[in-house]
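Right, one structure below, let's go through it.
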Ligand code: SF4
């Protein structure tokens, strides 16, 4: 698995420092991690704008918790699948109410315990839970998404589709480091959106000579 170890460095050379990459405050990231499922970021932003029109305090989680599922669905309409997402948000908010919507309280919990608790919430899968852990709570959990699987398949011929197994590949290749995982996931998404698209733009890709998909075709 030697090659995957150079993925971060290779992508960094192309896209530079993407910083924390996922925008927003911790409270916003809890919400956007649910809203971003099956939609693009522009729509997430529109939904967040709506939420801010109707919430006053600095903690949107606390405010949203006071809204009915129907009201939340109305606010997040631009993000699509709004009834389903409103239900998921309600479930997440109900969990967060046990901690008074206090991010610091959550950060102080054992991270494995917290991940297991998040995964017990209906509608919160591994990708969403790890996005929350990594970007809202700054915990070192690597986020695996369809882009990650696509890129390691094309670049290194790794056909693995199981979330845990792909995550383990990254854990074995990289140290448990929050900052690194935040950037690496961001870089992977940037690359998948700009070059390694569904139909890849290999002729424009800086990684083409290192890529199995390109060199074997
Ligand atoms: S060469 Fe093509 S398949 Fe390989 S990483 Fe670049 S865009 Fe993707």
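In our numbering, the protein residues as written are 245 to 461.
Beta carbons: idealized from backbone N, C-alpha and C, even for Gly.
CA-to-CA distance, residue j to residue i, given in whole angstroms
i	j	result
residue 266	residue 459	32 Å
residue 290	residue 395	29 Å
residue 370	residue 359	9 Å
residue 380	residue 271	7 Å
residue 382	residue 363	17 Å
residue 334	residue 454	45 Å
residue 471	residue 418	For residue 471 there is no data in the structure shown, the boundaries of the chain being 245 and 461.
For residue i, the three-state DSSP class (helix, strand or coil)
i	result
residue 273	helix
residue 447	helix
residue 245	Low local confidence applies: a pLDDT of 44 at residue 245 is under 50, so the model's placement there is unreliable, with the coordinate-based value given in what follows. Coil at residue 245, not helix or strand.
residue 365	coil
residue 410	helix
residue 313	helix
residue 285	helix
residue 295	helix
residue 420	coil
residue 382	coil
residue 430	helix
Cβ-based burial, residue i [other Cβ within 10 Å; buried from 16]
i	result
residue 411	buried
residue 444	buried
residue 375	buried
residue 296	exposed
residue 245	Low confidence applies here, because residue 245 scores a pLDDT of 44, under 50, leaving its location unreliable and the question unanswered by this model.
residue 372	buried
residue 276	buried
residue 426	buried
Supposed close pair residue i, residue j - CB separation, criterion 8 Å
i	j	result
residue 278	residue 336	6 Å
residue 343	residue 350	5 Å
residue 391	residue 436	4 Å
residue 247	residue 400	5 Å
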